[in-house]
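With our numbering as the guide, the letters of the sequence shown map in order to residues 35 to 376.
Ideal placement from N, C-alpha and C gives every residue a C-beta, glycine not left out.
Every value quoted in this text rests on a predicted model; they were computed, and no experiment measured them.
Below: the structure, in structure tokens.
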Amino acid sequence: MRAFVKFGTQAGEAGVREIAPPEPGPGEALLRVAACGICGSDVHAFNADPGFEWVKPPITLGHEFSGTVESVGSDVSGVEPGDRVVAVAIQGCGLCDLCAEGSTQLCAERVALGLSRDGGMAGYTSVPAKGLVPVPEDLDLKTAALGEPLAVAGRAVGVRGEVREGQSVVVSGPGPIGVMCAMLARSRRAEVLLTGVGPDTEARLPAAERAGIPTANLSDAPLEDHLRRRFGERGPEVWIESSGSVRALDSAIKAVRPGGRVVVVGLYAQKMAFFPTDSVRREIGLVFSYSCNLADYTAALGALASGDLDPAPMLSEFPLTDASAAFEEVRRGRAVKALLVP
Ligand SMILES: [Zn+2]
Ligand SMILES: [Zn+2]
35 MRAFVKFGTQ AGEAGVREIA PPEPGPGEAL LRVAACGICG SDVHAFNADP
85 GFEWVKPPIT LGHEFSGTVE SVGSDVSGVE PGDRVVAVAI QGCGLCDLCA
135 EGSTQLCAER VALGLSRDGG MAGYTSVPAK GLVPVPEDLD LKTAALGEPL
185 AVAGRAVGVR GEVREGQSVV VSGPGPIGVM CAMLARSRRA EVLLTGVGPD
235 TEARLPAAER AGIPTANLSD APLEDHLRRR FGERGPEVWI ESSGSVRALD
285 SAIKAVRPGG RVVVVGLYAQ KMAFFPTDSV RREIGLVFSY SCNLADYTAA
335 LGALASGDLD PAPMLSEFPL TDASAAFEEV RRGRAVKALL VP
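The following block contains the structure:
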């Protein structure tokens, strides 16, 4: 079968290879992959960026996939051939207190599909059966591959951000997670503004606009002007930082209104310094949101199935054989969410 494999430790040492299809081991299910999204973390692994040294080649990348169960290994119950499923991207040990609470993404023994074991940029993939989520009947299987990024966004907006109707919400960073955060905040009837910078001008901000999200390009005018135009003098109540820029996080902490909340869902390559007393005196809530768990997936797939949310404006589809070109489109910011189809 074909698979997109990171075969070396150097930047760009990855490509489509012919490899033997996997066999499902004990507790595993073999999936025929319907589609697999390219995530920012896949691009980091592809580029061998700092912080991704733990991704050990050879490995088939991809954790945002959906598929149909082809066969199951021994010791599998509740999953059968023909089931339409999505796999939870970060799986816990299933034994510790955090896993028992459902916070598997925080488990010390967690395993990341497509980064610490073979993932879904392939014709077939074998995954732990206990981490499979059923896809609702009326949801197209390819679209269900968006379950993971939408679950990450849903956790940031709903669980960690507790965004409510009528609130003013800024989302910084119009990558797929940012656009989905903005869509979800809007579906909660919040007043939303999605901010981006120069490199987002070509594809990302226009894609968000097509999805009906009000945007602000910070290379056109200062942030304060955009905020005043959208929200008046009161400032945003919630700020979701998904760009991974420490400068954007610094702006968020300073610009959110007193008593407001900053939700940090980006990943950062730099340290930052800030003056805590200022945030204490303004009672800023600073919370972090990491990945997602089973409950977040179920909510995300439900939102997609209900038609509440139309991801079409942000999608581009590529055959798996063109994976290298698709990575390049994502890396250059020309594709918001690229789906690879085997
Ligand atoms: Zn992802
Ligand atoms: Zn655990």
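Residue i Cβ short of 8 Å to ligand 1 heavy atom set
{"i": "Pro345", "result": "no"}
{"i": "Cys73", "result": "yes"}
{"i": "Val186", "result": "yes"}
{"i": "Pro183", "result": "yes"}
{"i": "His97", "result": "yes"}
{"i": "Ala329", "result": "no"}
{"i": "Ala372", "result": "no"}
{"i": "Ala123", "result": "yes"}
Any non-hydrogen atom of ligand 2 closer than 8 Å to residue i Cβ
{"i": "Gly126", "result": "yes"}
{"i": "Leu132", "result": "yes"}
{"i": "Leu227", "result": "no"}
{"i": "Ala146", "result": "no"}
{"i": "Leu335", "result": "no"}
{"i": "Cys326", "result": "no"}
{"i": "Thr311", "result": "no"}
{"i": "Thr138", "result": "yes"}
{"i": "Leu129", "result": "yes"}
{"i": "Glu199", "result": "no"}
{"i": "Ala237", "result": "no"}
{"i": "Glu351", "result": "no"}
{"i": "Ala142", "result": "yes"}
Cα-Cα separation, residue i to residue j
{"i": "Pro208", "j": "Asp152", "result": "28 Å"}
{"i": "Ala372", "j": "Ile211", "result": "13 Å"}
{"i": "Cys141", "j": "Gly165", "result": "14 Å"}
{"i": "Ile274", "j": "Val299", "result": "7 Å"}
{"i": "Phe86", "j": "Ala79", "result": "6 Å"}
{"i": "Thr32", "j": "Ala123", "result": "Residue numbering for the chain in the displayed model covers 35 to 376; residue 32 lies beyond these limits and cannot be assessed."}
{"i": "Pro292", "j": "Leu257", "result": "18 Å"}
{"i": "Gly269", "j": "Arg194", "result": "20 Å"}
{"i": "Gly157", "j": "Thr332", "result": "25 Å"}
{"i": "Pro240", "j": "Phe361", "result": "20 Å"}
{"i": "Ala216", "j": "Ala286", "result": "15 Å"}
{"i": "Met35", "j": "Ile53", "result": "6 Å"}
{"i": "Ala377", "j": "Pro56", "result": "With the chain running from 35 to 376 in the structure shown, residue 377 is simply not present."}
{"i": "Asn81", "j": "Glu267", "result": "42 Å"}
{"i": "Gly154", "j": "Glu98", "result": "7 Å"}
{"i": "Glu363", "j": "Thr311", "result": "42 Å"}
{"i": "Met348", "j": "Arg244", "result": "9 Å"}
{"i": "Gly112", "j": "Val296", "result": "40 Å"}
{"i": "Leu65", "j": "Glu199", "result": "39 Å"}
{"i": "Pro170", "j": "Val272", "result": "31 Å"}
{"i": "Thr355", "j": "Ala37", "result": "8 Å"}
{"i": "Gly192", "j": "Gln44", "result": "38 Å"}
{"i": "Cys130", "j": "Val145", "result": "14 Å"}
{"i": "Gly148", "j": "Val375", "result": "16 Å"}
{"i": "Asp259", "j": "Asp330", "result": "35 Å"}
{"i": "Asn251", "j": "Pro162", "result": "42 Å"}
{"i": "Ala303", "j": "Arg263", "result": "31 Å"}
{"i": "Thr235", "j": "Ala224", "result": "24 Å"}
As assigned by DSSP and simplified to three states, the class of residue i
{"i": "Glu243", "result": "helix"}
{"i": "Leu147", "result": "strand"}
{"i": "Gly112", "result": "coil"}
{"i": "Val89", "result": "coil"}
{"i": "Leu166", "result": "strand"}
{"i": "Gln201", "result": "coil"}
{"i": "Gly353", "result": "Reading the sequence as shown, one finds Pro at residue 353 and not Gly. Residue state, collapsed to three classes: strand."}
{"i": "Thr102", "result": "strand"}
{"i": "Val375", "result": "strand"}
{"i": "Arg368", "result": "coil"}
{"i": "Arg118", "result": "strand"}
{"i": "Glu182", "result": "helix"}
{"i": "Arg194", "result": "helix"}
{"i": "Thr177", "result": "helix"}
{"i": "Thr235", "result": "coil"}
{"i": "Gly212", "result": "helix"}
{"i": "Ala37", "result": "strand"}
{"i": "Gly96", "result": "coil"}
{"i": "Leu132", "result": "helix"}
{"i": "Leu140", "result": "helix"}
{"i": "Glu225", "result": "strand"}
{"i": "Gly230", "result": "strand"}
{"i": "Ser253", "result": "coil"}
{"i": "Ala123", "result": "coil"}
Any non-hydrogen atom of ligand 4 closer than 8 Å to residue i Cβ
{"i": "Gly230", "result": "Summarising the ligand content, the structure contains ligand 1 and ligand 2 and does not contain ligand 4."}
Quick one: complete beta strand (DSSP E) runs, 3+ long, within the segment 260-345? Correct list: 272-275, 295-298, 319-322.
Beta strand (DSSP E) runs contained entirely in the segment 39-87, provided each spans 3 or more residues: Those beta strand (DSSP E) runs which fall completely within the segment 39-87 and span 3+ residues are 48-52, 62-71.
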